[in-house]
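Student: Below are the structure tokens for one structure; questions will follow.
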Amino acid sequence: IFVQGLHKNPKYFPNPEKFIPERFSDEETKARHSYAYIPFAGGQRKCIGYKFAMLEVITLSAKLLRHFVWETSETFEKLVFLPHVTITPERPIKFVFKKRP
1 IFVQGLHKNP KYFPNPEKFI PERFSDEETK ARHSYAYIPF AGGQRKCIGY
51 KFAMLEVITL SAKLLRHFVW ETSETFEKLV FLPHVTITPE RPIKFVFKKR
101 P
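Under UniProt numbering, the first residue of the sequence shown is numbered 1, with each subsequent residue one higher.
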């Protein structure tokens with residue numbers, strides 16, 4: 001399965017090139033076919049570290065958001081992504097983390 005092609009299919013993701021984080025809200029996710037977005041594969045052969053990876057991302061993000069404000073000079077429209085095994089930015093994206101008061 002060409003996963004990147006599936007993840008950019010306008011049938012499941014209108015305006016697939018546009019950054020729309022709301023696509024992954026609970027109600028949007030429930031309305032979409034369960035295999036329209038499969039970053040960890042699916043079914044019996046699903047990545048065994050899926051739940052652990054998701055918990056780690058949520059925990060780390062919450063801790064960082066609690067203690068820092070994130071900033072970048074980039075806009076999504078300026079970014080160019082390369083189709084590798086995972087989608088990779090053409091150049092590094094630099095973030096500045098400012099400690100919250």
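For every residue, glycine included, the Cβ atom is placed at its ideal position computed from N, Cα and C. Remember, predicted model here, so these are calculated numbers, not experimental data.
Keeping to the same chain, check which residues put their C-beta closer than 8 Å to that of Tyr50; ignore five residues upstream and five downstream.
Tutor: Excluding positions up to five away in sequence, the list reads Phe40.
Student: With contact counted as at least three CB pairs below 8 Å, one residue from each stretch, are the stretch 60 to 75 and the stretch 8 to 17 in contact?
Tutor: At 8 Å Cβ cutoff, the stretches do not touch.
Student: Relative to the C-alpha of Phe97, which candidate in Glu22, Ile87, Lys63, Pro89 has its C-alpha closest?
Tutor: When each option's Cα is compared against that of Phe97, the closest is Lys63.
Student: Report the rounded CA-to-CA distance for Ile20 versus Glu28, giving the unit in angstroms.
Tutor: Going by the C-alpha atoms only, they are around 11 Å apart.
Student: If we ignore side chains and look at the alpha-carbon of each, how far apart do Lys99 and His67 end up?
Tutor: So the two alpha carbons sit approximately 6 Å from each other.
Student: Quick one, which of Glu90, Thr86, Pro92, Pro101 has its alpha-carbon nearest Val3's?
Tutor: Residue Thr86 is the option with its Cα nearest to Val3.
Student: Who are Phe95's beta bridge partners in DSSP?
Tutor: Answer is none; Phe95 lacks a bridge partner.
Student: So, under 8 Å CB-CB, Ala53 and Leu6 are touching, yes? Tell me the CB distance rounded to an integer number of Å.
Tutor: Their Cβ separation, rounded to whole angstroms, is 20 Å, which puts Ala53 and Leu6 out of contact at 8 Å.
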